[in-house]
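Quick note: the sequence shown uses our numbering, first residue 3, plus one each step. A virtual CB, placed ideally from N, CA and C, is assigned to each residue, including glycine. Before any comments, here is the structure.
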Amino acid sequence: MVSLSPRTRRAGLAALAVLVLLGLAAVAWPDGDRRSGRVLNRISAAQVSAGVGWTHRWTAAPGGATDAAGNQWDADTAVVQGGSAPKALAAGSPTHYRYTRSGTLLFTLPVPQPGTFAVILSLAAPERGPAPEAAVTVTLSGGAAQTVHLAATGAGRIRQAVVLAPVTGDNVALTVGDLHNLAGVAAVTATMARLGTDALKAELAEEFDGAAGTALLPGWRHETGGGGWGNGELQEYTQSPANGQLTGDGRFAITARDDNGKYTSARLRSAFEAQYGRIEGIMQVPSGRGLLPAFWMLGADVATIGWPDAGEIDLMESLGTAEPGVVHGTFHGPDGSERGWERPFTARPVGGPDKGMHRYSLEWWPGVLQWSVDGVVQATLRQEDLGARQNWVFERKSYLLLNVAVGGRWPGTPPPATAFPQAMYVESVHWWR
Numbered sequence: 003m004v005s006l007s008p009r010t011r012r013a014g015l016a017a018l019a020v021l022v023l024l025g026l027a028a029v030a031w032p033d034g035d036r037r038s039g040r041v042l043n044r045i046s047a048a049q050v051s052a053g054v055g056w057t058h059r060w061t062a063a064p065g066g067a068t069d070a071a072g073n074q075w076d077a078d079t080a081v082v083q084g085g086s087a088p089k090a091l092a093a094g095s096p097t098h099y100r101y102t103r104s105g106t107l108l109f110t111l112p113v114p115q116p117g118t119f120a121v122i123l124s125l126a127a128p129e130r131g132p133a134p135e136a137a138v139t140v141t142l143s144g145g146a147a148q149t150v151h152l153a154a155t156g157a158g159r160i161r162q163a164v165v166l167a168p169v170t171g172d173n174v175a176l177t178v179g180d181l182h183n184l185a186g187v188a189a190v191t192a193t194m195a196r197l198g199t200d201a202l203k204a205e206l207a208e209e210f211d212g213a214a215g216t217a218l219l220p221g222w223r224h225e226t227g228g229g230g231w232g233n234g235e236l237q238e239y240t241q242s243p244a245n246g247q248l249t250g251d252g253r254f255a256i257t258a259r260d261d262n263g264k265y266t267s268a269r270l271r272s273a274f275e276a277q278y279g280r281i282e283g284i285m286q287v288p289s290g291r292g293l294l295p296a297f298w299m300l301g302a303d304v305a306t307i308g309w310p311d312a313g314e315i316d317l318m319e320s321l322g323t324a325e326p327g328v329v330h331g332t333f334h335g336p337d338g339s340e341r342g343w344e345r346p347f348t349a350r351p352v353g354g355p356d357k358g359m360h361r362y363s364l365e366w367w368p369g370v371l372q373w374s375v376d377g378v379v380q381a382t383l384r385q386e387d388l389g390a391r392q393n394w395v396f397e398r399k400s401y402l403l404l405n406v407a408v409g410g411r412w413p414g415t416p417p418p419a420t421a422f423p424q425a426m427y428v429e430s431v432h433w434w435r
């Protein structure tokens with residue numbers, strides 16, 4: 003969801019140019035990998051020296067492989083036991099995804115030090131027909147089995163599942179099995195996500211408890227004003243209870259109103275800012291055409307360097323009856339153009355996003371973003387998935403936003419059939435780290 007005026011964006015781009023000239027814009031990956039695209043505002047030097055971001059890759063391809071970004075994928079022969087021998091898929095897949103192993107697989111992945119690692123399983127769809135809804139069961143050493151559900155997709159034959167693995171020794175041990183509607187495991191990656199091995203803690207836990215009519219909440223602030231918000235939008239954001247207030251039953255209502263042709267609404271920004279973690283919001287959206295309810299994130303330095311350079315992650319946007327039953331999740335970043343690059347995805351929550359509460363989630367760790375709806379993985383984006391001119395900017399602090407926009411280039415002006423007021427109800431927001 004574009005959020006800044008053209009003036010702010012131009013100022014941000016100028017500030018970014020100064021940073022680049024000063025040589026302060028990039029820090030290398032700790033493992034020395036070559037990765038496509040330029041990486042802006044990387045993992046901090048302190049994190050790098052501690053090992054955060056360390057990454058290693060293994061593939062079922064005999065003899066290993068090198069991907070388009072120049073990253074080396076070692077053959078998995080030394081790190082896997084059980085299951086089938088590698089089976090070649092149909093031609094067309096990249097070499098590191100061209101072979102799969104099926105059956106029950108025990109992986110023992112060497113890592114340089116204790117910590118919590120994000121293990122990314124690259125899973126191949128069946129060779130023929132569509133890529134239907136799928137599932138895989140993963141059991142960490144000494145842990146309970148967890149099943150990762152994957153949405154159906156037409157966007158490719160490989161899907162990723164991200165699993166967090168706390169490690170107290172020198173390897174990640176996990177068992178992969180019960181591959182449902184999947185041809186097998188094509189590759190596996192381990193990235194050091196955090197230094198500790200303790201369970202994730204909710205550093206932001208907003209349940210929206212309080213008296214009905216309360217508009218100003220601890221830990222959140224209203225962003226107010228009009229001017230289009232970089233998208234030609236029609237509303238003016240206010241901090242009036244008429245536009246944003248607690249309902250008294252554990253929800254916050256953001257209400258868009260039409261007051262004799264003047265549209266008003268509310269936009270909340272979290273005071274909490276952080277880098278990495280598991281983010282989740284539970285909400286019900288309005289159904290009117292010409293509205294854009296959103297749950298999203300911006301890089302915390304957006305006021306300094308501008309959009310899209312600070313990066314944007316949309317965990318939920320909806321166009322109501324213009325696209326019945328559909329929600330959008332999108333990742334945005336810079337590529338040298340005014341509007342930057344984007345990776346858009348869609349999902350269809352069961353029953354519809356406007357018919358009940360639904361859960362929108364993000365797994366965010368070094369080099370990887372994974373978007374889920376109601377516990378089903380919809381999309382995964384990694385830094386190496388970007389093109390040569392597309393910059394990865396998701397190694398910086400970000401904050402959360404909740405709002406309902408009216409009109410603009412996307413979704414367009416509300417037609418006469420859209421009845422006001424229209425409200426988005428937010429039940430909870432959590433950020434675990």
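With distances taken between CA atoms, residue 245 lies nearest to 226 out of 231, 262 and 226. If the five residues before and after residue 342 are omitted, its C-beta is found closer than 7 Å to the C-beta atoms of 310, 334, 335 and 336, all from its own chain and listed in chain order. Apart from sequence neighbours up to five positions away, the residues of its chain that approach residue 204 with a beta-carbon distance below 6 Å are 432 and 434, ordered along the chain. The Cβ atoms of residue 125 and residue 270 lie no closer than 7 Å to each other. Rounded to whole angstroms, the Cβ separation of residue 187 and residue 123 is 6 Å, and the two are in contact under 8 Å.
Going by DSSP, residue 306 is part of the alpha helix (DSSP H) stretching over 304–307.
When DSSP reads this structure, residue 385 sits in no beta bridge, so it has no partner.
Within the DSSP bridge table, the entry for residue 59 names 191 as partners. Going by DSSP, residue 333 is part of the beta strand (DSSP E) stretching over 329–335.
Counting along the chain, no beta strand (DSSP E) covers residue 98, and no H or E run does either. One thing to note: residue 260 has its Cβ within 7 Å of the Cβ of residue 422. Of all alpha-carbon atoms in 273, 292 and 191, the one lying nearest the alpha-carbon of residue 418 is that of 292. Per DSSP, the continuous beta strand (DSSP E) segment holding residue 260 begins and ends at 254–261. Cβ neighbours of residue 82 within its own chain (closer than 6 Å, five residues either side excluded): 107 and 109. As DSSP reads the structure, residue 285 sits in a beta bridge with 360 and 428. In this structure, DSSP gives residue 380 an extended state, which the three-state scheme calls strand. For residue 173, the enclosing beta strand (DSSP E) covers residues 173–182.
In this structure, residue 282 keeps its C-beta atom at 7 Å or more from the C-beta atom of residue 409. For residue 74, the uninterrupted beta strand (DSSP E) run begins and ends at 74–77, by DSSP. The three-state secondary structure of residue 390, taken from DSSP, is coil. Burial check for residue 339: the Cβ neighbour count within 10 Å stays below 16, so the residue is exposed. Looking at the backbone, the Cα of residue 88 and that of residue 181 are separated by about 15 Å.
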